[in-house]
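Using this note's numbering, you'd call the opening residue of the sequence shown number 17 and step up by one each time.
The beta-carbon is built from N, C-alpha and C at its ideal position, and this holds for glycine as well.
Below is one structure, written out as structure tokens, with a few remarks after it.
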Amino acid sequence: MVNPFFPLCGYGIVTIIRLPGADSYLKKLKGTFSFTYSTMGKIHFKSLPERTADVISDMLYQKNYRIGAKLPNEIELAAMLEVSRNTVRQAIKILADRNILEVQRGAGTFVSSKLGMSDDPLGLSMVCDKNKLVRDLLDVRLLIEPRMASLAAENGTADEIRRLRENCERLEEACSRGENYYEIDMEFHTAIAGCSRNLVVHSLFPAICQTIILQENVTLDRLKEQTVRAHKRIYEAVAGRKGSEAYDAMTAHLIQNKERILRQQELEQETNQTNLSEKCRKRQK
């Protein structure tokens, strides 16, 4: 089955969800005794809010609702599912915690752009050796992102390519003013992944972007200039629908990043070793 949350509509376009045939879902909600079986051998019986959350999630999935679609309000959902407003409220909170729904104060409840993804799907925030993590993530990016750039050249829409150009312009402005540009950097690589139309890569990108976050301490002027030039080359190849050039440009960009980060880590290690040796000499005196 095609993933129903695939963003066929543009981001930011609000679609009001109607829930026809809600009666069929009521059977699941009220006519079954839902439970889960844990690996520890204990049975966990689901509460009514949990079952309601499952039913709402199924509705979104089976009716092919898209990113940015707006749900009916609490009163309407409660009437459709024949549960209390409080139950609906708790169910929405459960789905928001799972990144399936997003609650915007004063605007309503919407299908989340994160598509149920965890903010840290691979548990990388718990890795102690951050230097090795950065190196390993760069290796993963080298395996994935050049191909994504090639696919972006094939599949990116005119509007998406325009946004890539605007991102390059914002990056250059931020670097010229000496501002932090890592969010703009992440936006660019995330946008390339979106243009590729590969759903799996989209779900992996929160983890992949950890590399950009973890290299924030590398802020040399030369790095800024290299990043601006590299992003421009990638954009121009994608805009020109030149898949092989986009592949090569992304590969060169990531290899440059890796070499620079390895040099930075070596320098830090040498500095730490020198400081440690100096402390030892002082203690011996």
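Within 10 Å of its beta-carbon, does residue i have 16 or more other beta-carbons around it, so buried, or fewer, so exposed?
{"i": "residue 183", "result": "buried"}
{"i": "residue 103", "result": "buried"}
{"i": "residue 172", "result": "buried"}
{"i": "residue 204", "result": "buried"}
{"i": "residue 161", "result": "buried"}
{"i": "residue 293", "result": "exposed"}
{"i": "residue 216", "result": "exposed"}
{"i": "residue 243", "result": "buried"}
{"i": "residue 49", "result": "For residue 49, the pLDDT reaches just 45, beneath the cut-off of 50, and the residue's location in the model is therefore unreliable, leaving the point undetermined."}
{"i": "residue 174", "result": "exposed"}
{"i": "residue 139", "result": "exposed"}
{"i": "residue 167", "result": "buried"}
{"i": "residue 273", "result": "buried"}
{"i": "residue 113", "result": "exposed"}
{"i": "residue 145", "result": "exposed"}
{"i": "residue 211", "result": "buried"}
{"i": "residue 159", "result": "exposed"}
{"i": "residue 285", "result": "exposed"}
{"i": "residue 279", "result": "exposed"}
{"i": "residue 67", "result": "buried"}
{"i": "residue 51", "result": "Bear in mind that a pLDDT of 48 at residue 51, under 50, signals an unreliable position, so the number given afterwards is only what the model happens to contain. Exposed: under 16 other Cβ atoms inside 10 Å."}
From the DSSP output, in three-state form, read off residue i for me.
{"i": "residue 122", "result": "coil"}
{"i": "residue 23", "result": "Reliability of the predicted coordinates at residue 23 is poor, the pLDDT of 37 falling under 50, and no value is obtained from them."}
{"i": "residue 99", "result": "coil"}
{"i": "residue 117", "result": "strand"}
{"i": "residue 143", "result": "coil"}
{"i": "residue 130", "result": "coil"}
{"i": "residue 274", "result": "helix"}
{"i": "residue 240", "result": "helix"}
{"i": "residue 295", "result": "helix"}
{"i": "residue 248", "result": "helix"}
{"i": "residue 86", "result": "strand"}
{"i": "residue 287", "result": "helix"}
Quick one: measure Cβ to Cβ for residue i and residue j, integer angstroms, because I've assumed they're closer than 8 Å.
{"i": "residue 177", "j": "residue 255", "result": "5 Å"}
{"i": "residue 124", "j": "residue 89", "result": "7 Å"}
{"i": "residue 85", "j": "residue 127", "result": "5 Å"}
{"i": "residue 268", "j": "residue 262", "result": "In fact, because the Cβ distance is near 11 Å, the residues do not count as touching under 8 Å."}
{"i": "residue 247", "j": "residue 187", "result": "6 Å"}
{"i": "residue 169", "j": "residue 258", "result": "6 Å"}
{"i": "residue 99", "j": "residue 108", "result": "Contact flag wrong, Cβ pair sits at about 12 Å."}
Closer than 7 Å: is that where the CB of residue i sits relative to any heavy atom of the ligand NAD?
{"i": "residue 292", "result": "No copy of the ligand NAD occurs in the structure displayed, which carries no ligand at all."}
Contact between the stretch 139-157 and the stretch 188-198 (3+ Cβ pairs under 8 Å): no
Segments of 4+ residues assigned as alpha helix (DSSP H) that fall wholly inside the stretch 143-188: 146-171
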